[in-house]
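Residues in the sequence shown are numbered from 1 upward in steps of one, following the UniProt record's numbering. Where is the CB? At the ideal position from N, CA and C, for every residue including glycine.
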Amino acid sequence: MGTAGKVIKCKAAVLWEQKQPFSIEEIEVAPPKTKEVRIKMVAVGICRTDDHVVSGNLVSPLPAILGHEAAGIVESVGEGVTTVKPGDKVIPLFTPQCGKCRVCKSPEGNYCVKNDLSNPRGTLQDGTRRFTCRGKPIHHFVGTSTFSQYTVVDENAVAKIDASSPLEKVCLIGCGFSTGYGSAVNVAKVTPGSVCAVFGLGGVGLSAVMGCKAAGAARIIAVDINKDKFAKAKELGATECINPQDYKKPIQEVLKEMTDGGVDFSFEVIGRLDTMMASLLCCHETCGTSVILGVPPDSQNLSMNPMLLLTGRTWKGAIFGGM
């Protein structure tokens with residue numbers, strides 16, 4: 001018996017409160033409304049942004065079903081959906097593309113006004129929810145909520161992929177890989193022969209290394225306090241790996257000495273204020289570009305001397321690698 005048009009009961013990881021473990025619950029997932037898509041999740045990644053919500057460093061309405069890095073198969077579609085159909089392999093997108101707002105019409109940005117990141121509502125774009133647990137409505141997270149066997153997303157927040165795509169691999173395109181790789185290629189626009197530094201060698205940082213290599217960087221210096229990550233970083237394109245704990249001086253000074261005054265491009269992929277500053281300071285003062293990828297805690301502010309930019313440095317941020 002088909003499930004289209006019916007409520008689906010399934011398992012999901014529900015976060016009821018901050019700083020508490022997820023609870024595996026049976027939930028009800030309502031059918032998709034107009035211009036919405038219900039997806040059976042097959043493969044899901046865990047991103048540090050999800051952990052930021054758990055720890056309280058990122059504020060989002062609770063209780064909620066988190067998760068935003070995933071791939072699955074369309075189970076059913078709501079009225080008016082034309083871009084996907086049941087059976088299609090898809091990737092949910094936490095950065096929707098309405099195609100109508102100023103951002104969507106510009107080639108310079110990807111932060112559509114329909115996003116649920118800037119001021120999280122915990123709903124789909126029509127302001128309502130599709131999840132229920134223990135008789136209570138459960139919030140969505142950035143319009144995706146992939147920590148569930150089934151989820152509902154808006155049509156403009158889902159991308160159809162090739163039918164032969166291995167979902168357990170391409171799920172990383174939903175956040176980690178695209179964020180890192182795209183920040184090098186699309187946001188920083190790394191140039192052939194340039195020198196790059198990548199702070200943080202998790203999945204996103206390694207993807208940034210790959211992006212720098214693909215763009216033709218001559219030197220890619222990977223920075224992390226965990227030396228166990230160095231072998232994989234070199235395998236993926238890093239030319240050198242350094243551990244800040246091996247030096248008595250600030251790591252930005254070490255990098256400036258290694259690179260005749262500073263790197264051309266740097267990437268902060270950790271989400272710490274001190275490494276954001278180190279990443280900026282290691283850039284050449286007249287022509288360096290530093291990109292922030294790591295999500296910082298909501299409640300912290302960063303102070304800096306504007307003279308650091310006056311001489312020619314560029315400081316940029318990136319959501320989803322500018323994809």
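Residue j beta carbon less than 8 Å from that of residue i
| i | j | result |
| --- | --- | --- |
| residue 320 | residue 178 | yes |
| residue 285 | residue 262 | yes |
| residue 78 | residue 40 | no |
| residue 91 | residue 12 | no |
| residue 58 | residue 157 | no |
| residue 172 | residue 216 | no |
| residue 195 | residue 259 | yes |
| residue 3 | residue 76 | yes |
| residue 136 | residue 81 | no |
| residue 60 | residue 120 | yes |
Contacting residues, own chain, Cβ-Cβ under 7 Å from residue i (five flanking each side not counted)
| i | result |
| --- | --- |
| residue 168 | 43 |
| residue 256 | 262, 282 |
| residue 96 | 112, 114, 115, 143, 154, 156, 157 |
| residue 364 | This structure cannot settle anything about residue 364, because the visible part of the chain is limited to 1 through 323. |
| residue 270 | 199, 200, 294 |
| residue 233 | 201, 206, 209, 222, 241 |
Other residues of its chain near residue i: CB distance less than 6 Å, five sequence neighbours each side excluded
| i | result |
| --- | --- |
| residue 88 | 74, 160 |
| residue 279 | 199, 266, 268, 290 |
| residue 193 | 218 |
| residue 47 | 69, 175 |
| residue 103 | 109, 111, 112 |
| residue 229 | 201 |
Spatial distance of residue i from residue j (CA atoms)
| i | j | result |
| --- | --- | --- |
| residue 322 | residue 138 | 30 Å |
| residue 19 | residue 51 | 9 Å |
| residue 207 | residue 37 | 29 Å |
| residue 183 | residue 30 | 36 Å |
| residue 308 | residue 67 | 37 Å |
| residue 189 | residue 205 | 16 Å |
| residue 53 | residue 126 | 23 Å |
| residue 276 | residue 292 | 7 Å |
| residue 231 | residue 246 | 17 Å |
| residue 152 | residue 297 | 28 Å |
| residue 71 | residue 191 | 32 Å |
| residue 164 | residue 105 | 31 Å |
| residue 146 | residue 254 | 41 Å |
| residue 337 | residue 21 | This structure cannot speak to residue 337, because the chain is shown only from 1 to 323. |
Contact set for residue i: own chain, Cβ-Cβ below 8 Å, skip 5 residues either direction
| i | result |
| --- | --- |
| residue 181 | 207, 208, 210, 211, 214, 321 |
| residue 16 | 23, 62, 63 |
| residue 7 | 28, 29, 30, 31 |
| residue 83 | 155, 158, 160 |
Proximity to residue i [Cα-Cα], best of the options
| i | options | result |
| --- | --- | --- |
| residue 318 | 187, 113, 300, 26 | 187 |
| residue 287 | 238, 235, 314 | 314 |
| residue 26 | 134, 86, 110 | 134 |
| residue 225 | 238, 243, 129, 235 | 243 |
| residue 251 | 299, 197, 237 | 197 |
| residue 316 | 300, 298, 294 | 294 |
| residue 132 | 148, 166, 222 | 148 |
| residue 235 | 249, 220, 248 | 220 |
| residue 45 | 140, 14, 170 | 170 |
Strand pairing of residue i, partner residues [DSSP]
| i | result |
| --- | --- |
| residue 315 | 290 |
| residue 225 | Answer is none; residue 225 lacks a bridge partner. |
| residue 23 | 14 |
| residue 139 | 64 |
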